[in-house]
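Just so you know, we're using the UniProt record's numbering here: the sequence shown kicks off at 1 and counts up by one.
Every residue, glycine too, gets a C-beta built ideally from N, C-alpha and C.
These numbers were taken from a predicted model, which means no experiment stands behind them.
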Amino acid sequence: DPERRNGYLVMTEVLNADGTPHESNGRATIDDDDNDFWFGFEQEYFIMDTHTQLPLGFPIGGYPAPQGMYYCSVGGKNTHGRDLVEEHADLCIDAGLNFEGINQEVACGQWEFQ
1 DPERRNGYLV MTEVLNADGT PHESNGRATI DDDDNDFWFG FEQEYFIMDT
51 HTQLPLGFPI GGYPAPQGMY YCSVGGKNTH GRDLVEEHAD LCIDAGLNFE
101 GINQEVACGQ WEFQ
């Protein structure tokens, strides 16, 4: 958290064993003099149920239905953890942390903010 005293912002790159950039390493393609480059961050996370030790919305002893109905939480019955996510967003705003949006991701209990 770079806003805290003694905090750090860590940016990483994915490298192959020989030290060359991995094909998924988008940062390796950035030129130092590229002034028109835009980038953004997103943080993805799962909200876990402390009783079942599973992501919110996962049935005990199995898996939820395929992702289609959970992506971006279409419909109230497919939203798991929205109240917690909204509280997190409010706390970020109160702390002065700017973000552009929040949405549920492809799995039950999976969210992101940008």
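Drop a sphere of 10 angstroms on the beta-carbon of F58, count the other beta-carbons inside from all chains shown, and report buried for 16 or more, exposed for fewer. For this step, residue 58 is matched to residue 58 along the sequence shown. By the neighbour-count criterion, in which 16 or more other beta carbons inside 10 Å mark a residue as buried, F58 falls on the buried side.
DSSP three-state call for I102: helix, strand or coil? Taking the first residue of the sequence shown as position 1, residue 102 is located at position 102. Assigned with DSSP and collapsed to three states, I102 falls in strand.
On the three-pair Cβ rule with 8 Å, is the region 103-114 touching the region 52-66? Segments in contact, yes.
Which residues in the same chain have their Cβ closer than 7 Å to the Cβ of L84, if we skip the five residues on either side of it in sequence? On the sequence shown, residue 84 is found 84 positions in, with the first residue counted as 1. For L84, where only same-chain residues beyond five positions count, the Cβ hits under 7 Å are I47.
Output the distance between the C-alpha atoms of Q43 and E100, rounded to the nearest integer angstrom. Counted from its first residue, the sequence shown places residue 43 at position 43. Counted from its first residue, the sequence shown places residue 100 at position 100. Q43 and E100: Cα-Cα distance of roughly 12 Å.
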